[in-house]
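A.B. asks: Sequences listed follow chains A and B, in order. Numbering-wise (the numbering used here), the first sequence opens with residue 1 and increments by one. Numbering-wise (the numbering used here), the second sequence opens with residue 1 and increments by one. If you scroll down you'll find the structure; I have some questions about it.
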Amino acid sequence: MCGVSDLRSDDHVRGPEGAELVVVYADFTCPHCALAHARLLEREGEIRRVFRHMALKAKHPRAVPAAQAAEAAALQGAFWPFHDALYDDPGRIEDPHLWALAERLGLDVDRFDADRRTEAVAARVARDTREAVLAGAMTTPTFFRDGRPTTIIPFATSETKQRSGPLPNAGQRGRTYEQ
Amino acid sequence: MRPGAPAPKLSLATEDGGTFTQEDLRGRTTVLVFYPFAFSPVCTDQLQVYEEILPDLERRGARMYAVSTDATWSQAAFKRQLGISIPQLSDFEPKGAASRALGAYFEPGGMTNRAIVIFDDDAKLLWHHVADSPGDLPGANLILAALDG
Numbered sequence: 001m002c003g004v005s006d007l008r009s010d011d012h013v014r015g016p017e018g019a020e021l022v023v024v025y026a027d028f029t030c031p032h033c034a035l036a037h038a039r040l041l042e043r044e045g046e047i048r049r050v051f052r053h054m055a056l057k058a059k060h061p062r063a064v065p066a067a068q069a070a071e072a073a074a075l076q077g078a079f080w081p082f083h084d085a086l087y088d089d090p091g092r093i094e095d096p097h098l099w100a101l102a103e104r105l106g107l108d109v110d111r112f113d114a115d116r117r118t119e120a121v122a123a124r125v126a127r128d129t130r131e132a133v134l135a136g137a138m139t140t141p142t143f144f145r146d147g148r149p150t151t152i153i154p155f156a157t158s159e160t161k162q163r164s165g166p167l168p169n170a171g172q173r174g175r176t177y178e179q
Numbered sequence: 001m002r003p004g005a006p007a008p009k010l011s012l013a014t015e016d017g018g019t020f021t022q023e024d025l026r027g028r029t030t031v032l033v034f035y036p037f038a039f040s041p042v043c044t045d046q047l048q049v050y051e052e053i054l055p056d057l058e059r060r061g062a063r064m065y066a067v068s069t070d071a072t073w074s075q076a077a078f079k080r081q082l083g084i085s086i087p088q089l090s091d092f093e094p095k096g097a098a099s100r101a102l103g104a105y106f107e108p109g110g111m112t113n114r115a116i117v118i119f120d121d122d123a124k125l126l127w128h129h130v131a132d133s134p135g136d137l138p139g140a141n142l143i144l145a146a147l148d149g
């Protein structure tokens with residue numbers, strides 16, 4: 001009982017078809033997630049990445065609002081630019097920063113601001129988060145490859161793995177994820 | 001302890017200055033989550049994730065408490081900082097007595113191990129899990145799977 005759902009039609013996906021699929025459960029307020037994004041960027045074009053939210057309201061007061069903002073950007077076709085921008089500048093996640101980012105990306109800011117507060121967007125973020133928790137994810141980022149969870153940044157160098165590896169995380173029956 | 005075994009004698013301090021005993025296990029399925037130390041980063045992740053499944057526990061007629069050997073004041077501050085609602089139980093004095101009785105004490109560290117102990121509404125052991133080490137976090141999925149039998 002540690003799997004996650006297969007690729008969905010509304011998933012956020014980047015990378016070439018046929019490349020190895022990695023599902024990333026992450027949070028825009030999490031510095032380890034920003035690091036993982038940077039490492040995965042180094043392998044851009046070689047892997048197929050799916051982003052799903054693991055936004056815990058108790059983890060950071062801006063975790064859920066940032067996730068919902070990204071979903072609102074997605075409704076205007078700008079999920080990945082928004083995603084990248086949030087991780088590039090992780091200190092700017094308050095509402096005025098999000099509005100400014102939406103404007104910079106050429107989005108309809110009024111629509112963006114209305115969309116990020118809708119029940120549908122909230123439900124989307126909650127769905128992803130719930131699925132992560134029920135699959136046994138205990139922290140961010142958690143990666144699923146071939147249905148198996150790991151907290152080690154996939155495809156990263158040994159140096160990066162060493163930095164990210166000690167994160168103690170969820171697993172089955174008290175064991176850490178596959179190494 | 002084996003499933004079906006009655007709860008041992010317990011005496012844990014509650015946040016409001018009361019005492020939680022084995023008798024308080026009766027009437028509702030109870031999930032006791034043992035964690036090593038308030039404010040340690042791993043514990044932070046663990047309780048924040050478990051907070052997400054409280055509605056799932058409610059639907060199953062179960063409740064959750066978090067237990068550590070920290071003093072009540074530390075636990076209350078920890079809970080406030082995390083923004084969680086999981087009630088805290090302190091196994092501070094005699095230190096670790098309840099944790100030892102439930103096999104959830106980590107002697108090498110002088111602290112509670114990371115463990116989950118579930119009692120049914122008759123205060124009998126339903127399921128328990130003790131981590132191989134305090135650094136290992138049991139996933140929330142294990143709790144729900146245990147409740148669903």
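We treat Cβ as the ideally placed atom computed from N, Cα and C, and that holds for glycine. For clarity, every value in this text was computed on a predicted model and none was experimentally measured.
In chain A, what lies closer than 8 Å to Gly27 of chain B by C-beta?
C.D. replies: Translated into the one-based positions of the second sequence, residue 27 of chain B becomes position 27. Here the premise fails: no neighbours, minimum Cβ distance about 27 Å.
A.B. asks: Beta-carbon of Val117 of chain B versus every beta-carbon of chain A: anything under 8 Å?
C.D. replies: In the second sequence, counting from the first residue as 1, residue 117 of chain B sits at position 117. False, the Cβ-Cβ gap to chain A never drops below 8 Å.
A.B. asks: Beta-carbon of Glu51 of chain B versus every beta-carbon of chain A: anything under 8 Å?
C.D. replies: Counting from 1 along the second sequence, the entry for residue 51 of chain B is found at position 51. Yes, because at least one Cβ of chain A sits closer than 8 Å to the Cβ of Glu51 of chain B.
A.B. asks: Using a Cβ distance threshold of 8 Å, determine whether the stretch 129-146 of chain B contacts the stretch 111-120 of chain B, with at least three qualifying pairs required.
C.D. replies: yes
A.B. asks: What's the C-alpha gap between Gly18 of chain B and Pro141 of chain A?
C.D. replies: If you number the second sequence from 1, residue 18 of chain B lands on position 18. If you number the first sequence from 1, residue 141 of chain A lands on position 141. If I take the Cα positions, the gap works out to 39 Å.
A.B. asks: If distances are taken between C-alpha atoms only, which option among B:Glu15, B:Lys79, B:Glu107 and B:Ala5 comes closest to Gln22 of chain B?
C.D. replies: Stepping through the second sequence from its first residue, residue 22 of chain B is reached at position 22. Considering only alpha carbons, the answer is B:Ala5.
A.B. asks: Checking contacts by CB at 8 Å: is Leu98 of chain A closer than that to chain B?
C.D. replies: Stepping through the first sequence from its first residue, residue 98 of chain A is reached at position 98. No, its Cβ sits nowhere closer than 8 Å to a Cβ of chain B.
A.B. asks: Among the candidates A:Pro90, A:Asp89 and A:Gly77, whose CA atom is the shortest distance from the CA of Gly106 of chain A?
C.D. replies: On the first sequence, residue 106 of chain A is found 106 positions in, with the first residue counted as 1. That would be A:Gly77, whose Cα lies nearest to the Cα of Gly106 of chain A.
A.B. asks: In the DSSP assignment, the beta strand (DSSP E) including Leu126 of chain B goes from what residue to what residue?
C.D. replies: Mapped onto the second sequence, residue 126 of chain B falls at position 126. That run of the beta strand (DSSP E) goes Leu125 to Val130.
A.B. asks: If we define contact as Cβ-Cβ less than 8 Å, is Thr139 of chain A a contact residue for chain B?
C.D. replies: Walking along the first sequence from the start, residue 139 of chain A turns up at place 139. Taking Cβ atoms only, chain B reaches closer than 8 Å to Thr139 of chain A, which makes this a yes.
A.B. asks: Can you tell me which of B:Gln48, B:Thr30, B:Leu137 and B:Ala123 puts its alpha carbon nearest to the alpha carbon of Arg63 of chain B?
C.D. replies: Taking the first residue of the second sequence as position 1, residue 63 of chain B is located at position 63. Residue B:Thr30 is the option with its Cα nearest to Arg63 of chain B.
A.B. asks: Judging by CA-CA distance, which residue of A:Gly147, A:His12, A:Arg145 and A:Gly136 is the nearest neighbour of Ile143 of chain B?
C.D. replies: In the second sequence, the residue the question calls residue 143 of chain B occupies position 143. Comparing Cα positions, the closest option is A:Gly136.
A.B. asks: One question on the structure: do Val50 of chain A and Leu21 of chain A come within less than 8 Å of each other, judged by their Cβ atoms?
C.D. replies: Counted from its first residue, the first sequence places residue 50 of chain A at position 50. Counted from its first residue, the first sequence places residue 21 of chain A at position 21. In contact: Val50 of chain A and Leu21 of chain A (Cβ atoms closer than 8 Å).
A.B. asks: Rounded to a whole number of angstroms, what is the C-alpha to C-alpha distance between His83 of chain A and Gly96 of chain B?
C.D. replies: Reading the first sequence from its first residue, position 83 is the one you call residue 83 of chain A. Reading the second sequence from its first residue, position 96 is the one you call residue 96 of chain B. One C-alpha to the other measures close to 45 Å.
A.B. asks: To the nearest angstrom, how far is the alpha carbon of Asp95 of chain A from that of Ala67 of chain A?
C.D. replies: Translated into the one-based positions of the first sequence, residue 95 of chain A becomes position 95. Translated into the one-based positions of the first sequence, residue 67 of chain A becomes position 67. C-alpha separation (whole angstroms): 12 Å.
A.B. asks: For Ile84 of chain B, go through chain A and note every residue whose CB falls closer than 9 Å to its CB, in chain order.
C.D. replies: For the purposes of this step, residue 84 of chain B is taken as residue 84 along the second sequence, with counting starting at 1. Going along chain A in sequence order, the residues near Ile84 of chain B (Cβ under 9 Å) are Ala58.
A.B. asks: Comparing C-alpha positions only, which one of A:Asp108, A:Met138, A:Pro154 and A:Arg62 sits nearest to Glu51 of chain B?
C.D. replies: Along the second sequence, one-based indexing puts residue 51 of chain B at 51. For the residues A:Asp108, A:Met138, A:Pro154 and A:Arg62, the minimum Cα distance to Glu51 of chain B belongs to A:Met138.
A.B. asks: Check whether the stretch 110-119 of chain A and the stretch 34-41 of chain A touch, using three or more Cβ-Cβ pairs below 8 Å as the test.
C.D. replies: Judged by Cβ distances under 8 Å, the stretch 110-119 of chain A makes no contact with the stretch 34-41 of chain A, as fewer than three pairs qualify.
A.B. asks: For Glu103 of chain A, collect the residues of the same chain with a Cβ closer than 7 Å to its Cβ; drop the 5 residues on either side in sequence, then sort them by chain order.
C.D. replies: Against the first sequence, residue 103 of chain A aligns to sequence position 103. Only Val109 meet the Cβ criterion.
A.B. asks: Check each residue of the stretch 47-73 of chain B: if its Cβ is closer than 7 Å to any Cβ of chain A, include it; give the result in chain order.
C.D. replies: Gln48, Val49, Glu51, Glu52 and Ile53
A.B. asks: Nearest CA to the CA of Ala123 of chain B: which residue from B:Leu82, B:Phe20, B:Lys79 and B:Gly109?
C.D. replies: Here residue 123 of chain B is taken as the residue at index 123 of the second sequence, counted from 1. Of B:Leu82, B:Phe20, B:Lys79 and B:Gly109, the smallest CA-CA separation from Ala123 of chain B is found for B:Phe20.
A.B. asks: For the alpha helix (DSSP H) containing His32 of chain A, list its first residue and its last residue.
C.D. replies: For the purposes of this step, residue 32 of chain A is identified with residue 32 of the first sequence, where counting begins at 1. Run containing His32 of chain A: Pro31 to Leu41, per the alpha helix (DSSP H) assignment.
A.B. asks: Nearest-angstrom Cα distance between Ile84 of chain B and Val13 of chain A?
C.D. replies: Here residue 84 of chain B corresponds to residue number 84 of the second sequence, with the count starting at 1. Here residue 13 of chain A corresponds to residue number 13 of the first sequence, with the count starting at 1. Approximately 32 Å between the Cα atoms of the pair.
A.B. asks: Whole-angstrom Cβ separation of Ala140 of chain B and Val49 of chain B, contact assumed at under 8 Å?
C.D. replies: Residue mapping note: residue 140 of chain B aligns to position 140 of the second sequence, counting from 1. Residue mapping note: residue 49 of chain B aligns to position 49 of the second sequence, counting from 1. Confirmed, about 6 Å.
A.B. asks: Which chain A residues sit within Cβ distance under 7 Å of Asp45 of chain B?
C.D. replies: As a first step, residue 45 of chain B must be located in the second sequence, where it is residue number 45. Here the neighbours are Met138 and Thr139.
A.B. asks: Just reading off the beta strand (DSSP E) that Glu20 of chain A is part of, what are its end residues?
C.D. replies: Here residue 20 of chain A is taken as the residue at index 20 of the first sequence, counted from 1. Counting along the chain, the beta strand (DSSP E) containing Glu20 of chain A begins and ends at Glu20 to Ala26.
A.B. asks: Are there 16 or more other CB atoms within 10 angstroms of the CB of Ser9 of chain A, so buried, or fewer, so exposed?
C.D. replies: Mapped onto the first sequence, residue 9 of chain A falls at position 9. By the neighbour-count definition (other C-beta atoms within 10 Å, threshold 16), Ser9 of chain A is an exposed residue.
A.B. asks: In this structure, what does DSSP give as the bridge partners for Glu93 of chain B?
C.D. replies: For the purposes of this step, residue 93 of chain B is taken as the residue at position 93 of the second sequence. Its beta-bridge partners do not exist; DSSP assigns none.
A.B. asks: Pull up the CB-CB distance for Thr72 of chain B and Ser90 of chain B, whole angstroms please, since I reckon it's below 8 Å.
C.D. replies: On the second sequence, residue 72 of chain B is found 72 positions in, with the first residue counted as 1. On the second sequence, residue 90 of chain B is found 90 positions in, with the first residue counted as 1. Contact flag correct, Cβ pair sits at about 5 Å.
A.B. asks: Taking Cβ-Cβ distances shorter than 7 Å, what residues in chain B pair up with Val133 of chain A?
C.D. replies: Along the first sequence, read from residue 1 onward, the residue named residue 133 of chain A stands at position 133. In chain order: Val49, Glu52, Ile53 and Ala140.
A.B. asks: Mind pulling the alpha helix (DSSP H) runs of 4 or more residues that sit fully within the stretch 59-147 of chain A?
C.D. replies: 63-74, 79-88, 95-104, 109-115 and 119-134
A.B. asks: Could you work out which residue in B:Leu54, B:Ser133 and B:Pro94 is closest to Leu32 of chain B when comparing CA atoms only?
C.D. replies: The residue given as residue 32 of chain B occupies position 32 in the second sequence. Closest by alpha carbon: B:Leu54.
A.B. asks: Using three-state DSSP, classify Tyr105 of chain B as helix, strand or coil.
C.D. replies: On the second sequence, position 105 is the one that residue 105 of chain B refers to. Tyr105 of chain B: strand per DSSP, three-state reduction.
A.B. asks: I'd like the span of the alpha helix (DSSP H) that includes Thr143 of chain B, first residue to last.
C.D. replies: Translated into the one-based positions of the second sequence, residue 143 of chain B becomes position 143. In the sequence as presented, Thr is not what sits at residue 143 of chain B; that position holds Ile. Per DSSP, Ile143 of chain B belongs to the alpha helix (DSSP H) from Ala140 to Asp148.
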